[in-house]
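Trainee: Numbering (the numbering used here), first residue to last: 1 to 620. Backbone N, C-alpha and C define an ideal beta-carbon position, used for all residues, glycine too. What you are looking at is a predicted structure, and each value in this text was computed from that prediction instead of being measured.
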Ligand SMILES: Nc1ncnc2c1ncn2[C@@H]1O[C@H](COP(=O)(O)OP(=O)(O)O)[C@@H](O)[C@H]1O
Ligand SMILES: [Mg+2]
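1) Out of 559, 106, 41, 581, point me to the one whose CA is closest to residue 447's CA.
2) What does a CB cutoff of less than 6 Å around residue 425 pick up in its chain, not counting 5 residues either side in sequence?
3) Please indicate yes or no: does the CB of residue 224 lie closer than 7 Å to some heavy atom of ligand 2?
4) Does residue 84 come out as helix, strand or coil in the three-state DSSP assignment?
5) When the Cα atoms are used, what is the spatial distance from residue 3 to residue 272?
6) DSSP on residue 348, reduced to helix/strand/coil?
7) Contact defined as beta carbons within less than 8 Å: I believe residue 496 pairs with residue 452. What is the distance between those atoms, to the nearest angstrom?
8) Please list the terminal residues of the continuous alpha helix (DSSP H) segment that includes residue 278.
9) Around ligand 1, which residues pass a check of Cβ closer than 5 Å to any of its heavy atoms?
10) Just grab the DSSP bridge partners of residue 572 for me.
11) Which class does residue 480 belong to by DSSP, given the choice of helix, strand or coil?
12) Residue 24 by DSSP, collapsed to three states: which one?
13) Straight-line CA distance for residue 376 to residue 580?
14) Would you check whether ligand 2 has a heavy atom nearer than 7 Å to the C-beta of residue 578?
15) Can you look up residue 562 in the DSSP assignment and give me helix, strand or coil?
16) Does the beta carbon of residue 531 fall short of 7 Å from some heavy atom of ligand 2?
17) Cα separation between residue 23 and residue 342?
18) Between the beta-carbon of residue 339 and the beta-carbon of residue 220, is there less than 8 Å?
19) Confirm, please, whether the CB-CB distance from residue 444 to residue 525 is below 8 Å.
20) Decide if residue 384 is buried, meaning its Cβ has at least 16 other Cβ atoms within 10 Å, or exposed.
21) Which residues mark the beginning and the end of the beta strand (DSSP E) in which residue 696 is found?
22) DSSP has residue 110 in a bridge; who is on the other side?
23) Candidates 95, 194, 87: which alpha carbon is nearest residue 292's?
24) Could you tell me the alpha carbon to alpha carbon distance between residue 502 and residue 148, rounded to whole angstroms?
25) Smallest Cα separation from residue 162: which of 337, 315, 33, 46?
26) Tell me residue 325's beta-bridge partners as DSSP assigns them.
27) Note the first and the last residue of the continuous alpha helix (DSSP H) segment covering residue 391.
28) Could you pull out every unbroken alpha helix (DSSP H) segment of at least 4 residues lying fully inside the stretch 183–244, listed in chain order?
29) Could you check what DSSP says for residue 19 in three-state terms: helix, strand or coil?
30) Taking the alpha helix (DSSP H) that residue 597 belongs to, which residues open and close that run?
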């Protein structure tokens with residue numbers, strides 16, 4: 001540890017109260033080889049191949065012009081001055097200006113193209129990634145938070161890749177040929193002196209190579225921690241309400257500071273490493289200059305080397321060093337891109353766990369019998385549903401009841417194919433749903449969740465996402481049927497009201513009613529209401545359920561509700577307990593049995609129980 005780092009540690013906060021939690025949902029990246037990177041980028045870059053060849057041609061011309069610059073100085077010193085001819089000097093400078101102006105123009109044209117290619121590539125990558133993330137299953141999205149994916153993929157990885165493209169065309173493609181041309185001119189001028197600068201440049205590259213893996217690892221470590229911090233900040237900001245209501249601001253702040261400082265130390269580590277590299281290279285630079293001058297003066301004295309040649313060499317030396325330096329920087333940028341690339345393609349090559357058979361078709365005609373056949377499923381290792389079997393003919397209204405955590409939502413998730421069962425199968429008209437086309441299958445369903453998500457747009461936009469063709473009357477009709485029309489009319493902008501992030505500018509009950517309306521717009525055959533009215537007061541809930549009756553006709557409805565009154569009219573009740581189907585029948589017959597349902601019912605209807613006790617019993 002350097003003295004400086006030590007001093008920095010001293011100023012760190014007193015030792016951790018508790019160790020920082022390990023990063024949640026960290027992406028286990030695969031490391032791609034260079035060949036793999038090229039093969040992945042090839043299809044994206046292919047459409048631009050002719051443009052890129054053209055750009056490279058322009059840039060190579062530019063690099064010749066750059067490499068030729070010291071030759072003009074040499075000409076003036078060794079030819080024009082000894083002949084005492086201002087005319088020769090002016091002629092040389094005329095050509096010089098012409099060459100350089102042409103170079104500037106070429107550069108400008110080439111860079112405009114590069115910029116365009118870069119934006120197109122970014123567009124391509126962004127759209128590909130976005131499309132891929134949209135189709136990746138909930139297993140993936142359950143593991144990686146949106147903020148994490150945004151930061152890792154859209155921010156770091158894509159910018160890293162685009163950044164490298166720029167560096168490639170602005171530095172690598174200029175300096176690599178530039179270096180070769182400069183060396184060619186040098187060899188032509190003096191071999192021994194060329195040897196001196198080549199030795200210097202090689203020393204330079206070796207020093208840089210020795211240090212760059214360390215910079216790479218430190219940079220990567222820094223990126224990892226900074227991601228973790230970003231995730232933490234967004235998570236805590238989202239929880240501001242909870243934090244303030246428990247008055248835990250100080251604890252959260254402390255924890256934040258504890259995590260922040262080590263992150264900044266790591267960031268500094270990377271920068272210190274880079275600084276060391278620049279010390280080494282700067283020192284080398286001076287050594288090479290001194291060597292060139294000594295060898296040059298010796299050559300002038302002993303072998304009558306022209307003075308102009310020495311002047312040109314001093315210029316070439318400076319030029320070569322800055323070119324090598326730029327190339328080394330490009331290498332660093334390349335490394336950053338690799339880190340980003342690994343993350344990007346690890347995600348892009350993650351396949352959804354919900355697989356689709358591309359040639360599949362929905363059964364026709366569709367009768368609509370849905371069945372679970374000995375379905376066993378768990379989100380992680382532990383099974384949540386055990387060998388569950390039931391069959392629902394089209395048109396039935398089925399209630400799923402059971403304590404909180406008994407697996408009701410899981411049944412809905414499996415019906416929607418957000419996950420596939422581990423054992424057993426789910427069938428539609430006797431065909432395993434795995435064999436059906438995914439999106440047409442899902443489109444048969446309408447789901448309303450307990451805590452529905454609304455996009456941060458207007459009410460109208462939220463509704464229209466599911467059915468862009470709906471007329472304004474259609475919208476008002478579904479709103480009326482979902483008992484939402486009244487409150488929407490009272491909102492300041494009506495249908496144009498902005499609902500806020502996640503629908504946060506609406507109450508839970510309002511969100512739920514909008515979600516019901518949204519779902520009705522699609523006129524789904526299968527309707528899943530997962531505690532869809534739980535945030536409503538009893539009176540509104542009763543009104544909504546009354547309105548539901550006509551809705552339920554002509555479709556299969558799965559209704560999950562903890563207020564048992566709302567399921568009284570169901571044709572069938574399935575009672576779940578710890579992931580097992582324990583009872584089944586209609587409301588009255590189940591009440592007549594002395595089983596789980598009756599216990600749930602007794603607790604729910606007992607006037608002596610408070611809301612809290614009911615919740616304990618599993619009704620919330
Ligand atoms: N995404 C998930 N990852 C891991 N476990 C989950 C997930 N969702 C639910 N579970 C677990 O599955 C069980 C059943 O949950 P759920 O079906 O939501 O119950 P219910 O809807 O009946 O209240 C619970 O023990 C819950 O902890
Ligand atoms: Mg649930």
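Mentor: Let's see:
1) 559
2) 373, 432
3) no
4) coil
5) The predicted model places residue 3 with a pLDDT of 39, which falls under 50 and marks its position as unreliable; any figure quoted below should be read in that light. Cα to Cα, residue 3 sits roughly 12 Å from residue 272.
6) helix
7) Their Cβ separation, rounded to whole angstroms, is 20 Å, which puts residue 496 and residue 452 out of contact at 8 Å.
8) 249–303
9) 142, 379, 384, 404, 405, 406, 407, 408, 409, 410
10) 398
11) helix
12) No answer about residue 24 holds up, because its pLDDT of 45 lies below 50 and its placement is not dependable.
13) 10 Å
14) no
15) coil
16) yes
17) For residue 23, the predicted structure reports a pLDDT of 43, less than 50, and the residue's modelled location is therefore unreliable. A value from the coordinates is still provided. About 18 Å.
18) yes
19) yes
20) buried
21) There is simply no residue 696 to check, as the chain begins at 1 and stops at 620 in what is shown.
22) Paired residue(s): none; residue 110 is not in a bridge.
23) 194
24) 18 Å
25) 337
26) None, per the DSSP bridge assignment.
27) Residue 391 -> not in any alpha helix (DSSP H); beta strand (DSSP E) instead, spanning 385–392.
28) 191–238
29) Any answer about residue 19 is weak, because its pLDDT of 36 lies below 50 and its placement is not dependable; what the coordinates show is given next. In the structure shown, residue 19 sits in coil (DSSP, three-state: anything other than H, G, I, E or B).
30) 596–605
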